[in-house]
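Protein chains in written order, with the working numbering: chain A, 1 to 625; chain B, 1 to 291.
What follows is the structure in structure tokens.
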């Protein structure tokens, strides 16, 4: 009942002392500097890189794993400043990011602080006492694991979502974003992660607002537990009510279908009902993009689903669900991976007229360290307890009686790339809504992708970006009005000069057959060097030049830049189809090799030392007239 | 700020404020003995919390129930304080100590730095607030991918560059989606476009002639650096907001440590270890506290 007086007392006391300073200080002007603004061309000429999915000490699990870095620290780090990590190591990003979403968990916001303070309402419960004791004994990570398990299984004794806690934490989140948002220079989005788990099956979504603090402060994050719901349809209702109430805009980004045991891209609603028009429309409306790659595994494709794709076996996590309370079976995989979801989406388009899985792609970290590092040479790990130290690779990450995932299996991935007119909340958000985005596993390669009806090689000679926008659609768009024509695509990639050169560009096509089944094919469309495509249409692997002694490699085996115009040789105008680009770099050192070279870690042979960085663009869709 | 923090008078004032506030937090209601005052703001708080949870205001019965709960808590709380039940309670200790730390954060935010302090912070950390360096240059590129040694080819072109115009030089080298002429590109963007290695080389170049080969992730380049605008420390007025935010961030940390030290100096720390293994621990702790 006293805080009101507190603030007053402070003002009176401090006010007397500082009259002088107050007078001397002119009103602050908001910085409106707009570097990199490219509005004059009428289309985006710059791609912005960021992380849409970063946790700070405010997330209960991050806090319990030992994260002591604030929202402020997270932004300072993303902007390129040096900070000291929770484990006391100096951390600096190799290249600053252009934008960041601090996305702390909706559920249990502030719970960890309550446990630290032994607050009464948590100490009433046996679980609360157990976790608080563990934290006191310095076993915060153990407490976190147990907490996550109970949360996933719905066996929390307490309600982790008291409004008092949520309100104060939400205010910290918003204040941080408002403070660090610098239109034109750096974008700080207001957002959170909706933490839905159904019996340990991951349905998480990151929620991002286009708006400022004034609009969002009155709308607390939607929770998945008691008082909210783990059903995405209920989340969409909540997002709708926000837009109705404030006139603002918001979107949701699902992630880690690979830990959903088949329910992320299901064929029915959470209640088991078949999709209807309303459902598919809303899914497409609220979830325009999907987080295709991150620390907990890559989610583009799986070798079981795509046996003819020799690159589908890539950093997949196919052991079980999020808490490993149920193991994975092959039948689940279709509902977990981006490519199979895109194909399923065509089937619903065929039957309902609207595609629920019409989604573009981004990558992000999901780091719980407040440090948005997807750089393999500079990887700070999934959580504060696996920040760089010699033995971190063997630390168990998730364990149950059924299976275990070890830290070396985590991936230093990824970033979100957004083609936008300028670096502002509005411009980046709008680009996400129209899916003009791609995801990378950490490299900042520049990928362009346009689809049209009359592109030829000559287009590459002139201003091909202008041609692309003028006579076609960019990634995320729809091919329209193509009577009696075959679609052609301009694809171009410039390597990240601080990563590996380019091995090849592929176009992945999926389509819907007349009998309702689907097909997929991966085309090598342009590649480095003088390798010859074999009879099966496959280009041989590029040489692995990584020197495991010193983590160096030779860029001359790949190309700095690849581009081509590709026309679909198998086009059938009667079939629904999608096309997206997958770019592969030459093999470069994986974070595990940097740990070996820099920290002297000794790892067995089954731990991979190299990987090929990738980029995945949003698809371009074709529908018969 | 450092200078100010060493000012004993300020310490005294800040600690005075902190203790005063602490008193406000733990002391019984000021109205009078045995009185519990409930006003509009209490009701508003209850109602808004209820609304957050249920998306509707409480009805009369619910409100009355919540008020009863609040009054009961307040009565027990006051009596508990009277009976000194708060003493030596681990939870209360931790909570109060945390509140004290929050106070120091609030203070750091609320004591507005003076003009001089901001200027000093800007001067001492000028690299953080500098304008970027701007580079204007021409570059031609030699690909690793072309089969021949790109470094050799670059040297050959460089040797023959004397007397050649910029438009003649433009046709040398291999095509790539980079510009031939970059006008006033910032170091930040230069690094995005051409990578870290290239930027480091550029920082050491003289203007006015073709030089190279310079290596980047793409391959090799010949570069003609036309002009460099060195980074400048802007006047305070242009970066006031950033300097203020940064100073507040630094100061929160310093103030917290300084208040703690000041308060600690008013106590005598006595260690009474019996176990042999613990000899030496005292010194470590004392040293750590001094830092």
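Heads up, the beta-carbon is just placed ideally off N, CA and C, and yes, glycines get one too. All figures in this text were calculated on a predicted structure; none of them were measured in a lab.
Notebook entry, point to check: When you compare each of 407(A), 300(A) and 520(A) to residue 392(A) by their alpha carbons, which one comes out closest?
Noted result: 407(A)
Notebook entry, point to check: On the premise that residue 170(B) lies in contact with residue 180(B), defined as a C-beta separation below 8 angstroms, what is that separation, rounded to the nearest angstrom?
Noted result: 5 angstroms
Margin query: How far does the alpha helix (DSSP H) with residue 80(B) in it extend, from its first residue to its last?
Written below: 60–82
Item checked: residue 257(B) at chain A interface by Cβ criterion, 9 angstroms -> no
Notebook entry, point to check: If you scan the stretch 54–113 of chain A from start to end, which runs of the alpha helix (DSSP H) of 4 or more residues do you find wholly inside it?
Noted result: 60–64 and 71–78
Next item on the list: Mind checking who residue 167(A) pairs with in its DSSP beta bridge?
Entry: Paired residue(s): none; residue 167(A) is not in a bridge.
Checklist line | Cβ-based burial, residue 39(A) [other Cβ within 10 Å; buried from 16] | finding: With a pLDDT of only 45 at residue 39(A), under the threshold of 50, the placement of this residue in the model should not be trusted; the figure read from the coordinates follows. Answer is exposed; the Cβ neighbour count stays below 16.
Item checked: As assigned by DSSP and simplified to three states, the class of residue 10(A) -> In this prediction, residue 10(A) scores a pLDDT of 33, lower than 50, which makes its location untrustworthy; the coordinate-derived value is nonetheless stated afterwards. Three-state DSSP puts residue 10(A) in a helix.
Check: Between the stretch 165–177 of chain A and the stretch 209–218 of chain A, do three or more beta carbon pairs fall short of 8 angstroms?
Finding: yes
Check: Any Cβ of chain B within less than 9 angstroms of the Cβ of residue 95(A)?
Finding: yes
Notebook entry, point to check: What are the complete beta strand (DSSP E) segments, minimum 3 residues, inside the stretch 404–450 of chain A?
Noted result: 404–406, 415–420 and 437–440
Item checked: residue 273(B) versus residue 58(A) - alpha carbon distance -> 38 angstroms
Notebook entry, point to check: Just the Cα atoms here: how many angstroms apart are residue 156(A) and residue 146(A)?
Noted result: 10 angstroms
Note to self: Taking beta-carbon pairs under 8 angstroms, can you tell me which members of the stretch 199–230 of chain B lie near chain A?
What the structure shows: 216, 217, 218 and 219
Notebook entry, point to check: In chain order, what residues of the same chain have a beta carbon less than 6 angstroms from the beta carbon of residue 27(A), not counting five sequence neighbours either side?
Noted result: The pLDDT assigned to residue 27(A) is 35, lower than 50, so where the model puts this residue is not dependable; a value taken from the coordinates is nonetheless given after this. Answer for residue 27(A): no residue qualifies.
Checklist line | Residue range of the beta strand (DSSP E) that includes residue 294(A) | finding: 289–294
Margin query: Let me check one thing: in DSSP terms, what residues is residue 143(B) bridge-paired to?
Written below: 219(B)
Checklist line | Collapsed DSSP secondary structure at residue 616(A) in the structure displayed | finding: strand
Next item on the list: Flag residue 66(B) as yes if its beta-carbon sits less than 9 angstroms from any beta-carbon of chain A, otherwise no.
Entry: no
Next item on the list: Taking 9 angstroms as the cut-off, decide whether the C-beta atoms of residue 324(A) and residue 400(A) are in contact.
Entry: yes
Checklist line | Per-residue DSSP class, three states only, for residue 238(B) | finding: helix
Margin query: Could you give the first and the last residue of the continuous alpha helix (DSSP H) run that contains residue 290(B)?
Written below: 281–290
Item checked: Cα-Cα separation, residue 253(B) to residue 181(A) -> 23 angstroms
Note to self: So, with DSSP's three-state summary, where would you put residue 156(A)?
What the structure shows: coil
Margin query: Pull the bridge partners of residue 621(A) from the DSSP assignment, please.
Written below: 478(A) and 578(A)
Next item on the list: Using a Cβ-Cβ cut-off of less than 8 angstroms, list which residues of the stretch 64–98 of chain B approach chain A; keep chain order.
Entry: 74, 90, 91, 94, 95 and 98
Check: Any residues in the stretch 487–512 of chain A with a beta carbon nearer than 8 angstroms to a beta carbon of chain B? Which ones, in chain order?
Finding: 492, 494, 495, 496, 497, 498, 499 and 501
Check: Touching or not, the stretch 488–504 of chain A and the stretch 183–198 of chain B, by the rule of three or more beta carbon pairs under 8 angstroms?
Finding: yes
Margin query: On the criterion of 16 or more Cβ atoms from any shown chain inside 10 Å, does residue 281(B) qualify as buried, or is it exposed?
Written below: exposed
Check: Per DSSP, what kind of secondary structure is residue 228(B) in: helix, strand or coil?
Finding: strand
Check: Run through DSSP, which three-state label would residue 136(B) get?
Finding: strand
Checklist line | residue 284(A) - DSSP class collapsed to helix/strand/coil | finding: helix
Check: Going straight from the alpha carbon of residue 112(B) to that of residue 73(A), what length do you get?
Finding: 21 angstroms
Check: Would a C-beta distance cut-off of 9 angstroms place residue 291(A) and residue 366(A) closer than the cut-off?
Finding: yes
Item checked: Identified DSSP bridge partners for residue 502(A) -> 559(A) and 585(A)
Next item on the list: Take residue 174(A) and list the residues in its own chain whose beta-carbon comes closer than 8 angstroms to its own, dropping the five residues that flank it on each side.
Entry: 190, 213, 216 and 217
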